[in-house]
Amino acid sequence: MADRCLHFTGTAPGRFLTRRLGLPQPAPLRRWSPQTPSLDGPLLHLTAGDSAVTEELGALLTATGPVVTARAERPAGMVVDTTAVDTPRGLADVHAVLHPVIRSLAPGGRVVVVGVRPSADDHHQAAAQQALEGFVRSLGKEIGRGATVQLLRVAPDALASAGSTLRFLLSPRSAYVSGQVIELTSAAPDPVADWEVPLAGRTALVTGAARGIGASVASVLARDGARVVCLDIPQAKDELARTADRLGAAALPLGITADDAAERIAATAPGGLDVLVHNADITRDRRFANMPADRWASVVDVNLDSVLRTTDALLKAGTVRRGGRIVATASIAGIAGNNGQTNYAAGKAGIIGLVRSLAPRAAADHGVTVNAVAPGFIETKMTAAVPLFIREAGRRMNSLAQGGLPVDVAETTAWFAQPSSTAVNGQIVRVYGQSLLGA
Ligand code: NAD
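Going left to right, the sequence shown walks through residues 18 to 456 as the numbering used here numbers them.
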């Protein structure tokens with residue numbers, strides 16, 4: 018069901034009324050379109066303290082669009098270099114550079130704080146860098162007007178690996194991603210010939226792609242130049258064929274829990290896969306006290322076990338090629354839990370365990386990255402069926418005061434999938450507008 022409140026608050030009477038009643042005022046988000054491929058305005062490059070990477074960061078930012086270092090009237094983004102902040106006193110420098118300008122950020126703007134990993138050997142540095150996490154998550158909750166705030170941790174000698182991530186975070190593609198802490202490894206990125214079609218020449222397979230978020234992922238990967246294979250259960254083969262036809266993709270009607278699923282996937286992509294997106298899921302909700310074993314088992318099988326089985330088999334067989342990307346779909350339910358979803362939340366939390374454990378080994382042994390998206394409330398058929406009161410609570414209880422769209426999950430997946438995202442590994446990125454309570 019459409020979010021009528023979002024449309025209403027976009028009108029003058031709607032704004033007036035919701036303000037008077039103290040209701041949430043969601044700002045319409047500006048997402049990617051061919052007409053709005055990038056942020057509408059300059060980036061303000063700010064530096065806290067004596068950074069050793071000012072020039073390098075400046076060059077990276079310049080590649081994403083116009084950059085200013087003095088004040089700009091209405092910057093569309095602000096990047097704060099905090100790599101030199103290694104004591105709590107250094108946090109005053111962050112305040113000194115950002116506080117005077119924060120109000121000038123354009124509606125729907127972006128703030129990216131670039132920091133480093135908290136040190137295991139220097140607890141003063143660790144305290145200062147960890148402090149930035151609390152700062153960023155709080156600023157995300159109060160900034161409003163559709164703006165987002167993230168913390169990007171990158172080793173100073175590995176800044177070159179941050180290009181694809183800075184481009185994503187400083188673009189309309191990340192409209193529903195806020196309050197995230199993203200940590201990059203120091204892996205060298207693959208060069209990108211054309212940022213318009215970064216997946217040109219790559220082959221991607223998306224499970225559960227007949228409809229919903231999976232269909233949107235397939236569409237965005239195809240937009241970015243990939244040859245796409247859409248997989249879904251044989252019972253959904255008509256819808257699958259329609260989706261695949263629309264995208265010029267191949268269709269693979271196959272239940273992902275089938276014993277021979279990995280072999281069938283490999284046979285469909287004889288040249289191998291560069292991107293594997295585990296998106297298929299089922300829900301069989303019941304409170305745990307009423308949960309029969311078959312409902313428990315089927316959800317864990319589709320949502321977790323089949324992901325483990327196919328990932329293992331496709332990596333072992335080399336079907337996911339070197340330089341490949343595996344993206345799994347977790348859920349906020351797997352992080353925060355959800356009433357009536359013990360089976361689903363267990364499966365989704367299991368995905369997070371899989372990603373964290375496999376990512377370093379997959380990179381070392383196969384040259385493949387493994388990451389997960391964790392969607393929050395996304396406007397789909399599933400969430401439209403949720404009772405009104407719970408649906409409204411789910412939609413509004415985030416910093417952006419609205420639900421996300423399937424394309425928001427798809428854009429995050431496409432950033433993970435890029436050849437230049439080699440340094441993005443083992444990350445769980447929440448696409449949830451940042452929950453108002455909790456992280
Ligand atoms: P959906 O139910 O609309 O689509 C899931 C697709 O998976 C369907 O096309 C279905 O036929 C397919 N599928 C089911 N079992 C399969 C199997 N055994 N083999 C192959 N395909 C199978 O779901 P959605 O809302 O688009 O969600 C997509 C993903 O995002 C899921 O992993 C879901 O858990 C996750 N997610 C969604 C939300 C949300 O708000 N919609 C929130 C958090 C996480």
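Don't be surprised by glycine CBs; every beta carbon is placed ideally from N, CA and C.
In the DSSP assignment, D98 forms a beta bridge with T64, V131. The beta carbon of L453 sits closer than 7 Å to those of K158, M414, N415, S416, all from its chain and outside the five residues before and after it, given in chain order. Note on the region 265 to 296: whole beta strand (DSSP E) runs with a minimum of 3 residues are 267 to 270, 290 to 295, in chain order. For E409, the enclosing alpha helix (DSSP H) starts and ends at 405 to 413. Under the DSSP assignment, A391 falls outside any alpha helix (DSSP H), being part of the beta strand (DSSP E) whose first and last residues are 386 to 392. Within its own chain, the residues whose Cβ lies closer than 8 Å to the Cβ of A148, once the five positions on either side in sequence are excluded, are P105, L108, listed in chain order. In the DSSP assignment, D249 falls outside any alpha helix (DSSP H) and lies within the beta strand (DSSP E) extending over 244 to 249. Fully enclosed beta strand (DSSP E) runs of no fewer than 3 residues occupy 220 to 224 of the region 201 to 246, in order along the chain. When P206, R154, A177, L186 are compared, the shortest CA-CA separation from R127 is found for L186.
With the rule of 3 Cβ pairs closer than 8 Å, the region 120 to 140 counts as touching the region 87 to 96. Assignment of beta strand (DSSP E) within the region 323 to 374, counting only whole runs of 3 or more residues, yields 337 to 346 in chain order. DSSP places L169 inside the beta strand (DSSP E), whose first and last residues are 165 to 170. Bounds of any beta strand (DSSP E) do not take in R91, whose DSSP letter is neither H nor E.
Where R154 is concerned, the enclosing alpha helix (DSSP H) starts and stops at 140 to 159. A Cβ-Cβ separation of about 5 Å places A267 in contact with V246 under the 8 Å criterion. Relative to ligand 1, I250 has its C-beta within less than 6 Å of a heavy atom.
When rounded, the separation of the alpha-carbon atoms in G351 and Y361 is 8 Å. A straight line joining the alpha-carbon of G443 with that of P377 spans about 7 Å.
Around the CB of E213, fewer than 16 other CB atoms lie within 10 Å, so the residue is classed as exposed. Nearest to V372 by alpha-carbon distance, out of A363, A366, N388, T359, is N388.
In this structure, the straight-line span from the alpha carbon of P135 to that of A172 is close to 10 Å. Annotation for V317: the continuous alpha helix (DSSP H) segment containing it runs 310 to 317. Three or more beta-carbon pairs drawn from the region 216 to 229 and the region 250 to 265 are found closer than 8 Å, and the two stretches are therefore classed as touching. A distance of 7 Å or more separates the beta carbons of T79 and A440. As computed with DSSP, R447 is found in a beta bridge with A391. Within the same chain, T400 come within 7 Å of R408 by CB-CB distance, once the 5 residues on both sides are set aside.
Around the beta carbon of K333, a 10 Å sphere encloses fewer than 16 other beta carbons of the protein chains shown; the residue is thus reported as exposed. Take V426, set aside five residues on each side of it, and the residues of its chain with a beta-carbon closer than 8 Å to its own are I230, S233, V234, T346, V390, P392, I395, V448, in chain order.
The beta carbon of S181 sits closer than 7 Å to the beta carbons of P206, W432, Q435, S437, S438 from its chain, once the five residues preceding and following it are set aside; these are given in chain order. Apart from the 5 residues on each side of it in sequence, P59 sits with its Cβ closer than 6 Å to the Cβ of P83, V85, A89, P92 in its chain, given in chain order. Annotation for L331: A279, I282, A283, L290, L293, V337 place their beta carbon closer than 8 Å to its own, counting only its chain and skipping 5 residues before and after.
When DSSP states are grouped into helix, strand and coil, Q252 belongs to the helix group. Here DSSP, grouped into helix, strand and coil, assigns G107 to helix.
Ligand 1 approaches T274 closely enough that one of its heavy atoms is under 6 Å from the residue's Cβ. DSSP, read as helix, strand or coil, puts S452 in strand.
Inclusion of A145 and D103 in the CB contact set at 7 Å is warranted, their separation being smaller than that value.
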